[in-house]
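Chemist:
There are 2 protein chains.
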Amino acid sequence: MPRPPDRRTLGELKAAVGDGSWLDSPADVAPYLSDFRRLYHGAAALVLLPRNVAEVAEILRICNRDEVAVVPHGGNTSYCGGATPDEAGTEVVLALRRLNRVRQIDAVDYSMVIEAGCTLAEAQAAARGAERLFPLSLGSEGTAQIGGNLSTNAGGTAVLRYGMMRDLVLGLEVVLADGRIFEGLKSLRKDNTGYDVKSLFVGAEGTLGVITAACLKLFPAAADTATALVGIGSPQDALDLLARLRTAAGDQVTSFELMPRLGVELTVQHVPGVADPLSQNTPWYLLIELTSPNPRQDLLTLLTATLEEAAARGTVVDAMLATSTAQAQAMWKLRESVPEAQRRHGASLKHDVSVPVSAIPKLIEQGAALVRRLAPEGDVISYGHAGDGNLHFNVSQRPGSEIKSFLARGPALELAMFDLVESLGGSISAEHGIGRLKAAEFARRADPVELSLMHALKRTLDPKGIMNPGKVLCVP
Amino acid sequence: MPRPPDRRTLGELKAAVGDGSWLDSPADVAPYLSDFRRLYHGAAALVLLPRNVAEVAEILRICNRDEVAVVPHGGNTSYCGGATPDEAGTEVVLALRRLNRVRQIDAVDYSMVIEAGCTLAEAQAAARGAERLFPLSLGSEGTAQIGGNLSTNAGGTAVLRYGMMRDLVLGLEVVLADGRIFEGLKSLRKDNTGYDVKSLFVGAEGTLGVITAACLKLFPAAADTATALVGIGSPQDALDLLARLRTAAGDQVTSFELMPRLGVELTVQHVPGVADPLSQNTPWYLLIELTSPNPRQDLLTLLTATLEEAAARGTVVDAMLATSTAQAQAMWKLRESVPEAQRRHGASLKHDVSVPVSAIPKLIEQGAALVRRLAPEGDVISYGHAGDGNLHFNVSQRPGSEIKSFLARGPALELAMFDLVESLGGSISAEHGIGRLKAAEFARRADPVELSLMHALKRTLDPKGIMNPGKVLCVP
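Next comes the structure, spelled out in structure tokens:
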């Protein structure tokens, strides 16, 4: 069990980074104490802003020796309180944002070595500068940092084609809980020398060590893109269209995003500059994007033909194909503004869940029935990455209803939603992680053998339990 | 340290599987005691042929209780002695071949649950039966089993497009060293609930537990394929062509295999039915394959145009495009017969190594210089998966030279080759694993922090050290 740091420990930690690289006044420390969703309000003994891996190693060496808890902190965009210290005021926040160099970029090897504190947008820009693509893409990419993307195994809107963050990693540099440095920044496509140690740290949410840099996979830049907003009648129609699109275009299907009518309506209503480009209202919408590095591919013709065939079969009701980048961007703005529209509309109950792709219609139908029964003041807005089986099954407070009684529905609805997801072979956290928010639920629902393996790994890699305590795993 | 099994233990193990499912006569046991390359000749106390996961669990429960070593055994195609018991005769061989059911195949979810004892060819056929593709492809696919492919993180000829075996896994069922069953057969594309436990077992070569089944990713079947045999002047020309192909066709470049002139010559000479389809001799050859699920893609035109552009620039000397499946198969037969041709030609010194893709020309040039100096009786045949930075840098005994003195060159050449690979940021085992063959070299060369993490993981998951001792990690 970690202990409060004494004056000597705090002094050594400050000396490890030097003046100008630590914060301890309440005003300076405040931005590090609340999460993005304002679910948690913690306290911290000290905030450290190291500039390089050696300083991170020294911090962990001291903290491990003195059994002081460390909370790694990136862009602070976690939806699960994963980067927020607890309320005791005895934890040290380790902010990675000053480790923000692109160390190396190699177009021939399609790889890039980048530090944890770079934002995802900076990583994307660095790849573009070398005429390459770093494909991870998500709403908070201007703020979220690579270290957080790695530690939460981030997903987003291009997973169908490129996979999650774990799939995009060739190598890692990690400072272990005891301050030793695991120097695994390989750029190899094939390396079968022993256990896959690096994958353990991806998705571990800073509970096994601190990722300080990564060697990431790059891809050929897209030279042909076809984007469409498609109106459909039901989630089952979405699956039919997905199957036909994948058969026609394979993994050139990069994004396949589902939205309900209400999501489109709220977004048009609440977010300036967003319009619904379709001429008729349909119950469901898809934002589909195909990409290829081959400029002569003519994906627009391929997508048009597939949508016309689907329309002839009755699967597609209406569709608009983007004929300019501006039109495509407007469609993406519609999709990416759904969370903001929900925020402006009122309170929300959120569930980031996944099921096998074929179970998406069941999840939507049975989930809606649960909301009618358990949160009748709410309207379902289930949207997201249908092509990956991942929906943000959210419930928006209906205008005029009472917020307190609506929010009070949360716990019972969440339990029922998680039961439903489990019954469909799904996951209670598709892409946002466990953090503090879902740690208890995860402990209750995880397979006991798998959970005991995770606790064993935690004890092995962080025997003193100093790394981000209370996140992912509940202390036994 | 494991101990010899006593009569009681052997009796319990036999009872766990029942009569007809164990072997202990020398004649019956013999096929399990030598590896494919005949490098090792071991002995075994007993060979067990369980039929289901419950029997595997009972075997491990008994062996763990009594501290008896277990050697998991699949198709026995390891190049590194990974599935062969040691010489003491105290180890128990656990053959997985009777766990050979395809449990489930789901075309909509693009996934398949298959048991460890199915051959890779059976897995491919099952996917084809559902109009899907399981893309792992390698020379021994008719014999190699899925459990071995998983345990060695197998590679092969389609890694450029689809990744290694680890990239193709959605979920695993594993019997742990103590007999508990990790039931992780999820078919989810996104699941961020805790640590990536399953990846630890992939590539662990049976030293952390026994994989009994896997949920594997499927892909759309290819409906358009373009295959070409291309004559080029140098490995650098190969890299130039690869870069242009990836820019033109992205990940539709499925295979990009390099062969030297001598490899083609020996294959035509030694393997019946193999011909060189090109009209002129060139120093190097590429077998290139593009695939797409879109039948209207016209990849042949795309490949032809790219090769013509390259010929105009002087990068491509000669090329033959397959205009029929038979022609494409003949090209693949040429490529896949290289190991057989080497075997028929004489003794070989083999190195399965990888470097960053951009370092392939240096590896070939500097490796050839090492062979001239350290194994002058040998001719270099460095061939393989150039698109992944993975070469089988092999040396064939020159006819008329003395085999003993040639083979005596092996250890010194291997050391120098591994030094070279290390200096280029590469790996001493790209896709064949460590097994017993490379365990000492790996221990000597691995990063000490990474190696200590691996030993810690081994102690955590297999505290009594019963799982495939002496493979991957040397006993400390």
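For the protein sequence lines, the chains are A and B, in the order given. Each step along the first sequence adds one to the number in our numbering, with nothing skipped, and position 205 is 209. Each step along the second sequence adds one to the number in our numbering, with nothing skipped, and position 88 is 92. Note that beta-carbon positions come from the ideal geometry of N, C-alpha and C, so glycine has one too. Here the structure is a predicted model, which is why all the values come from computation and not from measurement.
Check Lys18(A) in the structure and name its three-state DSSP category.
Modeler: Locating residue 18(A) in the first sequence gives position 14, where the first residue counts as 1. Lys18(A) falls in the helix class under three-state DSSP.
Chemist: If you reduce the DSSP assignment to three classes, tell me which class Tyr289(B) lands in.
Modeler: Taking the first residue of the second sequence as 1, we reach residue 289(B) at position 285. Of the three classes helix, strand and coil, the one that applies to Tyr289(B) here is strand, per DSSP.
Chemist: According to a CB-to-CB cut-off of less than 9 Å, which residues of the stretch 101 to 115 of chain B neighbour chain A?
Modeler: Residues passing the 9 Å Cβ filter: Asp110, Ala111, Val112, Asp113, Tyr114 and Ser115.
Chemist: Between Val74(B) and Ile470(B), what straight-line distance do the alpha-carbon atoms span, to the nearest angstrom?
Modeler: Counting from one through the second sequence, the residue named residue 74(B) turns up at place 70. Counting from one through the second sequence, the residue named residue 470(B) turns up at place 466. Taking the straight line from one Cα to the other gives about 6 Å.
Chemist: Give a yes or no on whether the C-beta atoms belonging to Gly160(A) and Leu140(A) are separated by under 9 Å.
Modeler: Residue numbering aside, residue 160(A) sits at position 156 when the first sequence is read from its first letter. Residue numbering aside, residue 140(A) sits at position 136 when the first sequence is read from its first letter. The answer is yes: Cβ separation under 9 Å.
Chemist: Roughly how many angstroms lie between the CA atoms of Asn80(B) and Leu103(B), to the nearest whole one?
Modeler: Sequence index remark: in the second sequence, residue 80(B) carries index 76 (1-based). Sequence index remark: in the second sequence, residue 103(B) carries index 99 (1-based). Roughly 15 Å separates the two Cα atoms.
Chemist: Kindly indicate if chain A contains any beta-carbon less than 9 Å away from that of Tyr199(B).
Modeler: Here residue 199(B) corresponds to residue number 195 of the second sequence, with the count starting at 1. Closer than 9 Å: yes.
Chemist: Kindly indicate if chain B contains any beta-carbon less than 9 Å away from that of Ser433(A).
Modeler: Position 429 of the first sequence, counting from 1, holds the residue named residue 433(A). Yes, its Cβ sits closer than 9 Å to a Cβ of chain B.
Chemist: Quick check on the DSSP output: the alpha helix (DSSP H) that includes Cys84(A) runs from which residue to which?
Modeler: Against the first sequence, residue 84(A) aligns to sequence position 80. Careful: Cys84(A) lies outside any alpha helix (DSSP H) and carries neither H nor E.
Chemist: Quick check: the Cα distance between Val320(B) and Leu367(B), rounded to an integer number of angstroms?
Modeler: Position 316 of the second sequence, counting from 1, holds the residue named residue 320(B). Position 363 of the second sequence, counting from 1, holds the residue named residue 367(B). Computed Cα separation, rounded: 21 Å.
Chemist: Just the C-alpha distance for Leu419(A) and Ala162(A), rounded to the nearest angstrom, thanks.
Modeler: Taking the first sequence and counting its residues from 1, the one referred to as residue 419(A) is at position 415. Taking the first sequence and counting its residues from 1, the one referred to as residue 162(A) is at position 158. C-alpha separation (whole angstroms): 29 Å.
Chemist: Compare the C-beta of Val206(A) against all C-beta atoms of chain B and say whether one is closer than 9 Å.
Modeler: Locating residue 206(A) in the first sequence gives position 202, counting from the first residue. True, the Cβ-Cβ gap to chain B drops below 9 Å.
Chemist: State the CB to CB distance for the pair Leu395(A) and Ser386(A), rounded to an integer number of angstroms; the pair is presumed to be in contact (CB under 8 Å).
Modeler: Your numbering for residue 395(A) matches position 391 in the first sequence. Your numbering for residue 386(A) matches position 382 in the first sequence. Right, the Cβ-Cβ distance comes to about 5 Å (below 8 Å), so this counts as a contact.
Chemist: Examine chain B for any beta-carbon lying closer than 9 Å to the beta-carbon of Pro281(A), and answer yes or no.
Modeler: Numbered from its first residue, the first sequence carries residue 281(A) at position 277. Chain B contact via Cβ: absent.
Chemist: Is the beta carbon of Phe422(B) closer than 9 Å to that of Leu353(B)?
Modeler: Numbered from 1 along the second sequence, position 349 holds the residue referred to as residue 353(B). Numbered from 1 along the second sequence, position 418 holds the residue referred to as residue 422(B). Not closer than 9 Å, so no.
Chemist: Using a beta-carbon distance below 9 Å, is Lys194(A) in contact with chain B?
Modeler: Start at 1 with the first residue of the first sequence, and residue 194(A) comes out as number 190. True, the Cβ-Cβ gap to chain B drops below 9 Å.
Chemist: Can you give me the start and stop residues for the alpha helix (DSSP H) that Phe446(A) sits inside?
Modeler: Translated into the one-based positions of the first sequence, residue 446(A) becomes position 442. Ala443 to Arg449 is the extent of the alpha helix (DSSP H) around Phe446(A).
Chemist: Using a threshold of 9 Å, state whether the C-beta atoms of Met263(A) and Leu294(A) are closer than that.
Modeler: On the first sequence, residue 263(A) is found 259 positions in, with the first residue counted as 1. On the first sequence, residue 294(A) is found 290 positions in, with the first residue counted as 1. The answer is no: Cβ separation not under 9 Å.
Chemist: Who does Lys221(B) pair with in a DSSP beta bridge?
Modeler: Residue mapping note: residue 221(B) aligns to position 217 of the second sequence, counting from 1. Beta-bridge pairing links Lys221(B) to Ser115(B).
Chemist: Can you give me, in chain order, the residues of the stretch 415 to 439 of chain B that have a beta carbon less than 8 Å from any beta carbon in chain A?
Modeler: Within the stretch 415 to 439 of chain B, the residues whose Cβ lies closer than 8 Å to some Cβ of chain A are Gly429, Gly430, Ser431, Ile432, Ser433, Ala434, Glu435, His436, Gly437 and Ile438, listed in chain order.
Chemist: With burial defined as no fewer than 16 other Cβ atoms inside 10 Å of the residue's Cβ, what is the status of Ala87(B): buried or exposed?
Modeler: What you label residue 87(B) is simply residue 83 of the second sequence in a count that begins at 1. When all chains shown are included, Ala87(B) counts as buried.
Chemist: Verify the CB distance criterion: does Gln346(A) have a CB-CB separation below 9 Å to chain B?
Modeler: For the purposes of this step, residue 346(A) is identified with residue 342 of the first sequence, where counting begins at 1. Gln346(A) does not count as touching chain B.
Chemist: Who are the Cβ neighbours of Ala20(B) in its own chain at under 7 Å, not counting the five residues just before and after it?
Modeler: As a position in the second sequence, residue 20(B) is number 16, starting the count at 1. The answer, listed in chain order, is Glu59, Glu62, Ile63 and Ile66.
Chemist: Output yes if chain A places a C-beta closer than 9 Å to the C-beta of Ser358(B); else output no.
Modeler: If you number the second sequence from 1, residue 358(B) lands on position 354. It does: the Cβ of Ser358(B) has a partner Cβ on chain A nearer than 9 Å.
Chemist: Closer than 9 Å, CB to CB, is Gly159(A) near chain B or not?
Modeler: Position 155 of the first sequence, counted from the first residue, corresponds to residue 159(A). It does; some Cβ of chain B falls within 9 Å.
Chemist: Going along the chain, which residues of its own chain have a beta-carbon closer than 6 Å to the beta-carbon of Ala434(B), five neighbours each way excluded?
Modeler: For the purposes of this step, residue 434(B) is identified with residue 430 of the second sequence, where counting begins at 1. Within the same chain, Ala434(B) has close Cβ partners Asp356, Val357, Ser358 and Asn394.
Chemist: Does DSSP classify His355(A) as helix, strand or coil?
Modeler: Along the first sequence, one-based indexing puts residue 355(A) at 351. Residue state, collapsed to three classes: coil.
Chemist: Thinking C-alpha only, which one of Arg184(A), Tyr36(A) and His389(A) is nearest Val51(A)?
Modeler: Locating residue 51(A) in the first sequence gives position 47, where the first residue counts as 1. Selected option, being the one with the closest Cα: Tyr36(A).
Chemist: What is the residue span of the beta strand (DSSP E) that Glu406(B) lies within?
Modeler: Here residue 406(B) refers to the residue found at position 402 when the second sequence is read from its first residue. Glu406(B) -> no beta strand (DSSP E), and no H or E assigned at all.
Chemist: Closest Cβ-Cβ distance between Lys468(A) and chain B: below 9 Å?
Modeler: Locating residue 468(A) in the first sequence gives position 464, where the first residue counts as 1. Chain B, which has no Cβ nearer than 9 Å to the Cβ of Lys468(A), makes this no.
Chemist: Three-state secondary structure (DSSP) at Glu62(B)?
Modeler: Residue mapping note: residue 62(B) aligns to position 58 of the second sequence, counting from 1. Note: Glu62(B) maps to helix in three-state DSSP.
Chemist: Determine the closest residue to Leu192(A) out of Val453(B), Leu417(B) and His389(B), with distance taken between C-alpha atoms.
Modeler: Here residue 192(A) is taken as the residue at index 188 of the first sequence, counted from 1. Checked all of Val453(B), Leu417(B) and His389(B); the closest Cα to Leu192(A) is His389(B).
Chemist: By the three-class DSSP mapping on this structure, what secondary structure does Met263(A) have?
Modeler: On the first sequence, position 259 is the one that residue 263(A) refers to. Strand at Met263(A).
Chemist: With distances taken from CA atoms, which of Cys478(B), Pro299(B) and Ala181(B) is nearest Leu2(A)?
Modeler: One cannot answer for residue 2(A) here, as it falls past the ends of chain A, which runs 5 to 480.
Chemist: So what does Ala99(B) bridge to, in DSSP terms?
Modeler: Indexing the second sequence from 1 puts residue 99(B) at position 95. Answer is His77(B).
Chemist: Would you call the stretch 200 to 219 of chain B and the stretch 261 to 279 of chain B touching, i.e. three or more CB-CB distances under 8 Å?
Modeler: As far as the Cβ criterion goes, the stretch 200 to 219 of chain B does not touch the stretch 261 to 279 of chain B, which means the pair count is below three.
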